[in-house]
Structure formats: C-alpha cells, structure tokens
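Each remark here refers to the structure printed beneath this line.
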Amino acid sequence: MKNKILVTGGAGYIGTHTCIALHEAGYEVVVYDNLSNSSREAINRISTLIGQPIDFIEGDIRDANMLREVFAAHQFFGVIHFAGLKAVGESVAKPLLYYNNNVSGTITLLQVMAEYDVKNLVFSSSATVYGDPETLPIDEVSARSCTNPYGQSKLAVEHILEDLAVSDASWSLIPLRYFNPVGAHPSGQIGEDPNDIPNNLMPYISQVAVGKLEMLSIFGNDYPTVDGTGVRDFIHVTDLAQGHVAALNYLQQHASSKSGSDTASSVGFLPINLGTGKGTSVLDLVAAFTKVSKQPIPYQFAARRAGDIASCYASADKAKELLGWEAKLSITDMCQDTWRWQSMNPNGYK
Ligand code: NAD
Ligand code: UDP
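Residue numbering for the sequence shown follows this note's numbering, beginning at 10 and increasing consecutively.
Okay, structure coming up:
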C-alpha cells in the first residue's frame with residue numbers, strides 16, 4: 010500500500026500537528042509550504058518530535074512548475090491540502106489575494122495532481138461554509154452559504170471538487186469541515202502562532218492570561234444562547250489531526266486504485282464534519298481557561314462582531330460512522346495544552 014503523502018501548508022498550525030499524527034500512523038510525509046504564515050522553526054520542531062528530519066520543500070501552491078518537480082520526484086498516494094490564507098477580516102480587505110491564493114492555488118494543485126494521476130485529496134474546509142445554520146447540530150447536508158471572501162473561497166473550492174468528482178469518477182475528494190480548532194501538542198513544542206493580535210478567541214484568551222494582552226473583549230452578550238455569549242464547537246487540534254489520519258485510512262480502503270481500472274469503488278466528493286458535537290459558550294471557555302491557568306482573565310462585554318453567528322456546533326455522526334473517528338479530548342484538555350504552549354513559548358516560534 011502506498012503511504013507517501015504530500016502535505017501542503019504542513020508548516021502551519023493544523024498541518025504541523027497532522028504531520029506528527031501521520032508519522033505516528035506510519036505515513037511518510039512531504040511538507041510543501043511557502044512559509045507565508047509559518048516558520049522553519051515549526052518544521053525543526055516536528056523533526057525533533059518525530060526523531061527524524063521531515064522532508065520539507067519551500068514552495069507555493071500557485072507555482073505549477075515547482076509542484077511538478079515535487080510530483081515527479083515522489084510517488085504520492087494522496088495530498089492533504091492545508092495551504093491557504095485564513096483571516097476573515099483580511100479577506101474582506103484583500104479579496105483578490107484570497108481568491109488567488111485559496112482558489113487559484115487549489116486549481117493549480119489539482120491540475121498538477123491530475124497530470125501525475127494522484128487523485129486522492131483531503132481538503133481543509135470549514136464550518137464557515139454553513140453560514141448562519143437553520144438547525145443545530147449542523148450535519149453535512151445542511152445548506153451552504155458564506156458572507157465573506159474567506160468563506161466564499163472555501164465554498165468555491167468545495168464546488169470545484171464536486172464538479173471534478175462528477176467529471177471523472179477516479180477522483181476521491183474529502184473536504185473536512187473543521188469547527189473551531191484550538192489547543193496544542195501535549196509536548197508544548199507546537200501550537201498556534203498568530204502573526205499579529207489574534208482574531209480568534211482561544212489565542213486571544215491565552216495571550217491575556219500570559220500578560221501579552223490586557224483584556225478580552227467579548228463580542229456580544231445578548232445572543233439567544235445559554236449565557237448570551239456566542240457558542241462554538243471547540244475541537245482539540247490533536248483530535249483534528251487524528252481525523253485526517255482517519256480520512257486517509259478511509260481513502261486507502263475505498264479510493265480507486267491508481268491504475269484506474271477500479272473506478273467504481275472511488276469515493277467521489279465526500280464532505281465530513283470534524284467537530285465534537287458539543288457547544289461551549291465564550292464565557293464557559295474563559296472560565297475553563299482561568300481554572301486551568303490560575304491566571305486572571307479580565308474581560309469586558311463589547312458590541313457583536315460583524316458577521317458572527319450565535320451558535321455553531323457539529324453533528325459528528327458521519328465522521329464516526331464512515332471514518333470510525335470521534336473527538337476524545339475535553340475543553341479542559343484544550344485549555345491545558347494551549348496554556349502549556351503559550352507559557353513555554355510566550356513569543357510563539359520566535
Ligand atoms: P495556518 O496559516 O497556520 O497554516 C496554513 C499554512 O499554509 C501556512 O503554513 C502557510 O504558510 C501556508 N500557505 C498559505 N498559502 C500558501 C501557498 N500559496 N502556498 C504554500 N503554502 C501556503 O492555518 P491553519 O489554522 O493551520 O489552517 C490550515 C487550513 O485549515 C487552512 O486552509 C484554513 O483555512 C483551514 N481552516 C482553519 C481553521 C482554523 O480555525 N484554524 C478553521 C477551518 C479551516
Ligand atoms: N470572540 C470574542 N472575543 C474575541 C474573539 C472572539 O468574544 O476576541 C467570540 C466570537 O464573537 C465568537 C467566538 O468568540 O462568538 C468564537 O470566535 P472565533 O473568532 O474564535 O471563531 P469563529 O467566529 O470563526 O467561530
């Protein structure tokens with residue numbers, strides 16, 4: 010069985026954790042990343058944690074010739090495609106950058122995959138494709154709609170993957186729709202390293218706890234939720250990483266063979282949620298983090314953030330049924346591991 014995997018964006022937050030999980034599961038990993046939102050130090054730390062150098066190529070997914078060189082040099086079973094830009098606010102300010110990087114970049118990657126007859130892909134999608142959901146928990150057949158260029162770029166790629174699967178039955182394409190990834194590797198060596206002031210809740214809380222930021226603003230306390238603050242499905246990044254291993258294992262069993270003779274058993278387009286199925290409010294997360302870190306986390310209530318929704322949590326049944334995967338780690342685990350990473354690396358990888 011072929012076990013070599015190209016991991017685009019493998020130097021980033023979710024990619025680094027997934028590289029370790031893939032290595033532990035017996036996969037051979039080649040990382041391809043342009044380091045636009047990550048660092049070589051992250052690659053060094055993966056190598057230290059797995060006890061051997063990781064194969065790393067600095068390159069851009071929009072660079073078809075460079076991708077061709079990589080595909081010519083390796084026999085890949087498939088690709089896990091994390092590479093992308095992810096800041097919602099920046100995407101509103103720079104839509105062309107986001108569509109170019111996330112959509113055109115993915116098209117280039119898919120074209121080169123087709124040239125080399127590598128047709129198995131796991132793609133980083135997002136719960137953002139569900140927009141403001143009509144019903145909770147959100148399952149994979151829920152309506153999709155997005156309001157910002159980042160979300161649109163994810164949805165556009167999903168549509169491209171759907172069309173591709175219809176056009177050619179030998180593709181096996183799994184968009185994993187992540188809910189809210191948080192936490193860090195239990196070693197404290199790898200974690201989320203935002204470039205600037207964090208936009209997301211967990212890194213903001215942890216930077217307040219470590220004293221880098223003064224106060225958390227809680228965006229809205231008048232939502233129709235348990236305590237008026239937003240509710241999200243936080244999922245530990247190492248559980249998420251295991252979800253990628255489970256998706257690849259599924260492809261190993263179900264994707265058509267490379268010869269193309271067995272196309273009837275190909276997976277096609279198979280979107281799967283990766284979440285815990287549980288909602289946690291902003292105030293609950295602040296309380297859990299305060300307990301774990303034993304640090305004060307001052308906060309103030311502020312106006313709702315434009316584009317935010319009240320509640321979002323997954324139905325995780327499909328992942329369990331098809332992939333045999335479910336999230337195992339608790340909110341306390343997520344806070345503990347975030348806090349270990351934050352306190353051991355107050356300036357991230359720098
Ligand atoms: P990240 O920014 O830490 O990792 C993305 C990596 O992709 C970075 O290392 C960056 O340098 C690289 N990259 C970006 N553009 C590239 C390009 N053109 N060519 C090569 N490399 C490129 O982000 P993350 O949190 O690890 O997210 C990984 C993926 O998951 C992204 O596609 C993101 O949109 C998606 N996602 C993330 C979240 C989240 O909350 N973190 C939620 C849902 C979906
Ligand atoms: N949030 C907040 N203060 C912050 C960042 C986020 O109150 O500084 C809230 C936000 O309004 C939402 C929840 O925390 O209700 C999760 O936000 P995040 O940006 O982490 O994830 P997303 O909105 O993408 O689900």
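A virtual CB, placed ideally from N, CA and C, is assigned to each residue, including glycine.
Closest by C-alpha distance to residue i, when choosing among the options
i	options	result
Leu31	Thr299, Ile214, Lys13 and Gly197	Lys13
Gln161	Lys337, Ala96, Pro233 and Tyr358	Ala96
Tyr213	Leu294, His253 and Phe278	Leu294
Val127	Asp248, Trp180, Ser48 and Asp326	Trp180
Ser265	Gly35, His194 and Phe86	Phe86
Asp42	Ile70, Met211 and Trp348	Ile70
Ile318	Val240, Ala336, Tyr358 and Leu279	Val240
Leu145	Ser320, Asp346 and Asn356	Ser320
Trp334	Ser100, Val276, Ala256 and Asn111	Ala256
Lys359	Ser45, Glu50, Asn109 and Phe243	Glu50
Glu33	Ile281, Gly200, Ile55 and Thr137	Ile55
Tyr36	Ala136, Lys163, Val254 and Val121	Val254
Ala328	Leu279, Asn157, Lys163 and Lys287	Leu279
Asn204	Gln198, Ser100 and Ser48	Ser48
Gly93	Arg349, Val112 and Tyr259	Val112
Boundaries (first-last residue) of the beta strand (DSSP E) holding residue i
i	result
Phe298	Element bounds for Phe298: not the beta strand (DSSP E) but the alpha helix (DSSP H), Val291 to Ser302.
Thr238	Where Thr238 is concerned, there is no enclosing beta strand (DSSP E), given that its DSSP letter is neither H nor E.
Tyr187	Ser181 to Tyr187
Leu225	Leu225 to Phe228
Lys13	Lys13 to Thr17
Min CB distance residue i to chain B below 9 Å
i	result
Val150	This model lacks chain B altogether, as it is built from one protein chain only.
Per-residue DSSP class, three states only, for residue i
i	result
Ile306	coil
Pro233	coil
Ala255	helix
Met353	helix
Gly114	helix
Val217	helix
Pro142	coil
Gly160	helix
Thr285	coil
Glu124	helix
Trp348	helix
Asn109	helix
Ile169	helix
Ile206	coil
Ile340	helix
Check: residue i C-beta below 8 Å from any heavy atom of the ligand MG
i	result
Val127	With respect to small molecules bound, the structure shown includes the ligand NAD and the ligand UDP and not the ligand MG.
Run of the alpha helix (DSSP H) containing residue i, from where it starts to where it stops
i	result
Val138	Looking at the DSSP string, Val138 is not in any alpha helix (DSSP H), and its letter there is neither H nor E.
Val101	Val97 to Ala102
Ile23	Tyr22 to Glu33
Three or more beta-carbon pairs under 8 Å between the region 299-308 and the region 213-228, yes or no?
-> yes
Take every Cβ of the region 310-317, pair it with every Cβ of the region 223-234, and state whether three or more of those distances are shorter than 8 Å.
-> yes
Count the CB pairs spanning the region 98-106 and the region 63-73 that are closer than 8 Å, and state whether there are at least three.
-> no
Tell me the start and end of each unbroken alpha helix (DSSP H) in the region 43-91 that is at least 4 residues and wholly inside, in chain order.
-> 49-59 and 73-82
Say whether the region 166-184 touches the region 112-130, bearing in mind that this needs 3 or more beta-carbon pairs closer than 8 Å, one atom from each stretch.
-> yes
Kindly confirm or deny that the region 191-202 and the region 246-255 touch, where touching means at least three C-beta pairs closer than 8 Å.
-> yes
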